[in-house]
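Going by this note's numbering, the sequence shown opens with residue 2, and the numbers climb by one from there.
Taking it in order: structure first as structure tokens, then the write-up.
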Amino acid sequence: MPGTSRMPVSLRESFNTVKRSRPANTLQLLNLDLLRNIVFFLFVLRWTRRVLLKLKGRGLLGTLAELYANAQRIGYGYFLRMPGVRTQVRKQVHDALAKLQIKMVPASTTRYLTLPKEGWSEDAVRKELDTLATMDHTRWEDGYVSGAVYHGEDDLLRLQTEAYGKFTVANPIHPDVFPGVRKMEAEVVAMVLGLFNAPVGAAGVSTSGGTESILSACLSARQKAYAERGITEPEMILPETAHTAFRKAGEYFKIKTHMVACPAPTYQVDVRRVSRLINSNTILLVGSAPNFPHGIMDDISALSKLALKRRLPLHVDCCLGSFLMPFLEKAGFEAEPFDFRLKGVTSISCDTHKYGFAPKGSSTVLYRTQELRTYQYFIDPSWSGGVYASPGIAGSRPGALIAACWASLVTVGEAGYLASCEQIVGSAKKLAERIRDTPALAAELEIMGKPLVSVVAFRARNLDVYDISDGMTARGWHLNALQNPPAIHVAMTLPLSKVWERLAADLEAVVEEEREKERVRTVEGKGAKGKGTGDAAALYGVAGSLPNKSVVVDLARGFLDLLYKA
Numbered sequence: 002m003p004g005t006s007r008m009p010v011s012l013r014e015s016f017n018t019v020k021r022s023r024p025a026n027t028l029q030l031l032n033l034d035l036l037r038n039i040v041f042f043l044f045v046l047r048w049t050r051r052v053l054l055k056l057k058g059r060g061l062l063g064t065l066a067e068l069y070a071n072a073q074r075i076g077y078g079y080f081l082r083m084p085g086v087r088t089q090v091r092k093q094v095h096d097a098l099a100k101l102q103i104k105m106v107p108a109s110t111t112r113y114l115t116l117p118k119e120g121w122s123e124d125a126v127r128k129e130l131d132t133l134a135t136m137d138h139t140r141w142e143d144g145y146v147s148g149a150v151y152h153g154e155d156d157l158l159r160l161q162t163e164a165y166g167k168f169t170v171a172n173p174i175h176p177d178v179f180p181g182v183r184k185m186e187a188e189v190v191a192m193v194l195g196l197f198n199a200p201v202g203a204a205g206v207s208t209s210g211g212t213e214s215i216l217s218a219c220l221s222a223r224q225k226a227y228a229e230r231g232i233t234e235p236e237m238i239l240p241e242t243a244h245t246a247f248r249k250a251g252e253y254f255k256i257k258t259h260m261v262a263c264p265a266p267t268y269q270v271d272v273r274r275v276s277r278l279i280n281s282n283t284i285l286l287v288g289s290a291p292n293f294p295h296g297i298m299d300d301i302s303a304l305s306k307l308a309l310k311r312r313l314p315l316h317v318d319c320c321l322g323s324f325l326m327p328f329l330e331k332a333g334f335e336a337e338p339f340d341f342r343l344k345g346v347t348s349i350s351c352d353t354h355k356y357g358f359a360p361k362g363s364s365t366v367l368y369r370t371q372e373l374r375t376y377q378y379f380i381d382p383s384w385s386g387g388v389y390a391s392p393g394i395a396g397s398r399p400g401a402l403i404a405a406c407w408a409s410l411v412t413v414g415e416a417g418y419l420a421s422c423e424q425i426v427g428s429a430k431k432l433a434e435r436i437r438d439t440p441a442l443a444a445e446l447e448i449m450g451k452p453l454v455s456v457v458a459f460r461a462r463n464l465d466v467y468d469i470s471d472g473m474t475a476r477g478w479h480l481n482a483l484q485n486p487p488a489i490h491v492a493m494t495l496p497l498s499k500v501w502e503r504l505a506a507d508l509e510a511v512v513e514e515e516r517e518k519e520r521v522r523t524v525e526g527k528g529a530k531g532k533g534t535g536d537a538a539a540l541y542g543v544a545g546s547l548p549n550k551s552v553v554v555d556l557a558r559g560f561l562d563l564l565y566k567a
């Protein structure tokens with residue numbers, strides 16, 4: 002045709018090929034860009050959500066303060082890694098651990114690092130056991146130890162030893178082989194459930210101690226949240242004074258932990274702040290009855306109402322309160338609701354080896370329903386060794402401890418626990434009153450909060466509380482030094498309840514000694530408080546300073562290593 006030209010076939014085919022391929026390539030580019038934009042959008046959405054939740058839970062000022070603290074901690078971490086500083090820190094840690102080793106691993110003792118070629122005679126074993134039992138130690142037998150040994154009377158010890166001997170080989174993982182152990186374990190759990198006013202259908206499990214009980218409750222809450230709500234990034238909210246086992250559970254089970262302040266003067270958890278921190282990932286709320294550091298009971302009633310309102314599980318840690326809390330009201334002491342009578346309480350941990358007077362290594366975790374208990378079970382139906390099922394973290398367990406625990410509970414009985422509550426809590430209140438009413442003590446020591454049970458914690462107004470702690474150690478006492486804030490606590494026990502007046506007298510004498518040291522320093526013009534050289538002053542005296550926290554961690558690691566140094 003006029004005005005047109007014929008395109009060569011080869012060129013036309015090339016053109017058509019390009020035409021056909023261009024939309025496909027464009028589509029691929031569009032798909033790649035779309036995918037990149039979606040990923041970026043999800044990234045921004047995720048972090049925006051995190052920031053908004055942080056602001057909601059902590060507030061603007063709280064969030065900024067937390068960021069500042071984290072930046073400061075990281076900065077100090079780099080500072081401590083500097084060559085000159087690192088060398089000095091390592092020397093301090095080495096010197097401190099060397100002193101600890103001298104105390105913990107005496108060079109004068111005979112060490113047995115390999116199996117003997119021939120087994121020892123029974124008399125030789127007994128002789129060595131006597132030597133080990135009488136090694137230099139704080140005299141808990143005389144009541145000089147805070148906590149640790151809660152009963153210690155010879156009659157109960159003999160019965161526990163006899164019960165242990167009858168079931169030395171027993172293992173509850175084989176209930177058909179050891180039916181008596183199964184029966185005793187079920188009865189122990191039932192007795193403790195009864196003490197805590199558990200409803201019909203409640204259930205429980207015995208454990209090796211408070212830490213395992215707390216771990217189990219956290220695991221149950223995590224598994225429940227995953228099964229029922231599909232939560233894969235679980236979070237729990239706890240008072241900063243809650244037992245550190247909750248932090249361990251967070252680390253073990255990948256549960257993010259939110260710490261809530263327990264401000265003076267009550268030192269109870271701030272329930273309003275707990276409420277602000279709740280979000281769609283929250284799986285558990287926590288309260289203490291009472292807490293370990295200060296012996297203060299959180300407002301469990303308020304936490305229960307919050308848990309019900311937000312439809313969340315609430316765990317009450319009563320490991321320390323154990324067999325004292327259920328008897329407070331009957332003993333005539335002030336009491337507050339804390340157990341299953343509060344509808345929001347879904348689980349409770351209670352140590353039978355504290356004020357239940359059972360041997361060490363026995364505790365319980367209690368649940369409002371059997372369904373909650375099943376979330377802590379482990380079942381493997383496909384193992385080549387057969388179907389495996391265990392109720393908790395441990396597999397094999399010592400049936401002998403269960404037998405000794407059962408024997409303790411049925412021997413002491415309700416009347417015995419009521420009398421023990423009267424004696425122990427009564428002595429704790431008398432000690433607190435002595436501190437408040439004695440001019441020399443009241444001028445320098447301040448009782449923390451309103452303790453209702455067995456623990457009395459106090460701060461120093463003007464003196465260094467760690468120097469007071471070391472002064473009491475020098476007089477043979479083994480008390481608990483605290484931090485954040487610096488303080489000391491006394492956990493009253495049956496042995497200690499018999500000598501609490503001596504403790505109060507020694508405390509007054511040590512306070513007077515420290516006041517005299519401060520007066521001398523003032524006269525000499527030295528001004529600031531002196532730094533003590535005892536164990537508590539060395540470990541905790543610098544704990545409030547961020548650079549030294551990593552040093553304390555290094556010391557703690559070294560201490561744990563020493564536990565296994567033969």
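Where is the CB? At the ideal position from N, CA and C, for every residue including glycine.
Being a predicted model, the structure only gives us computed values, none of them experimental.
Classify residue i as buried or exposed, calling it buried when 16 or more other Cβ atoms lie within 10 Å of its own Cβ.
i: V552; result: buried
i: R47; result: exposed
i: P235; result: buried
i: A567; result: exposed
i: S363; result: buried
i: M449; result: buried
i: F179; result: buried
i: R51; result: exposed
i: V554; result: exposed
i: H490; result: buried
i: F339; result: buried
i: M473; result: buried
i: G545; result: Low confidence applies here, because G545 scores a pLDDT of 46, under 50, leaving its location unreliable; read the following figure in that light. Flag for G545 reads exposed.
i: Q73; result: exposed
i: N485; result: exposed
i: S207; result: buried
i: S348; result: buried
If you follow the beta strand (DSSP E) that residue i is in, where does it begin and where does it stop?
i: Y1; result: The first residue shown for the chain is 2 and the last is 567, placing residue 1 beyond what the model contains.
i: D318; result: 315–318
CB residue i to CB residue j, shorter than 7 Å?
i: F293; j: H244; result: yes
i: C320; j: V193; result: no
i: S305; j: L278; result: no
i: F459; j: L480; result: no
i: A404; j: A164; result: yes
i: R437; j: A443; result: yes
i: V457; j: L432; result: yes
i: F341; j: A199; result: yes
i: P392; j: Y378; result: yes
i: T258; j: M237; result: yes
i: S455; j: V411; result: no
i: A218; j: E241; result: no
i: W501; j: S428; result: yes
i: A303; j: V272; result: yes
Can you tell me where the alpha helix (DSSP H) holding residue i begins and where it ends?
i: E423; result: 400–438
i: G181; result: 180–196
i: A108; result: Element bounds for A108: n/a, residue is neither H nor E.
i: Y389; result: No alpha helix (DSSP H) holds Y389; the beta strand (DSSP E) holding it covers 389–391.
i: G251; result: 246–254
i: P496; result: 495–498
i: V511; result: 501–524
i: S207; result: Where S207 is concerned, there is no enclosing alpha helix (DSSP H), although the beta strand (DSSP E) it sits in stretches over 204–208.
i: S217; result: 211–230
i: L133; result: 123–134
i: S302; result: 301–311
i: R374; result: 371–375
If residue i and residue j are in contact, beta carbons under 8 Å, what's the gap, nearest whole angstrom?
i: M105; j: L561; result: Between L561 and M105 the Cβ distance is about 11 Å, and since that is not below 8 Å, they are no contact.
i: F328; j: S409; result: In fact, because the Cβ distance is near 16 Å, the residues do not count as touching under 8 Å.
i: I297; j: V317; result: With 8 Å as the limit, I297 and V317 do not qualify as a contact, their Cβ atoms being about 14 Å apart.
i: A475; j: I469; result: Contact flag wrong, Cβ pair sits at about 11 Å.
i: F247; j: V287; result: 6 Å
i: E335; j: L453; result: 6 Å
i: S214; j: V366; result: 4 Å
i: L605; j: L508; result: For the chain, the structure presents residues 2 to 567; residue 605 sits outside this window and is missing.
Return yes when at least one heavy atom of the ligand ADP lies under 6 Å from the C-beta of residue i, else no.
i: L325; result: The model on display carries no ligand, and the ligand ADP is accordingly not part of it.
message: Tell me whether the region 371–384 and the region 201–211 touch, counting them as touching only if at least three CB pairs, one residue from each stretch, are closer than 8 Å.
response: At 8 Å Cβ cutoff, the stretches touch.
query: Just checking, does the region 397–406 make contact with the region 169–188 on the three C-beta pairs under 8 Å criterion?
result: yes
query: Can we say the region 146–160 touches the region 482–495, given the rule of at least three CB pairs closer than 8 Å?
result: The region 146–160 vs the region 482–495: in contact.
message: Using a Cβ distance threshold of 8 Å, determine whether the region 125–133 contacts the region 141–151, with at least three qualifying pairs required.
response: Contact between the region 125–133 and the region 141–151 is absent: fewer than three C-beta pairs spanning the two stretches fall below 8 Å.
- request: Please confirm if the region 323–339 is in contact with the region 260–267, defined as three or more CB-CB distances below 8 Å between the two stretches.
  value: Verdict: no, contact absent.
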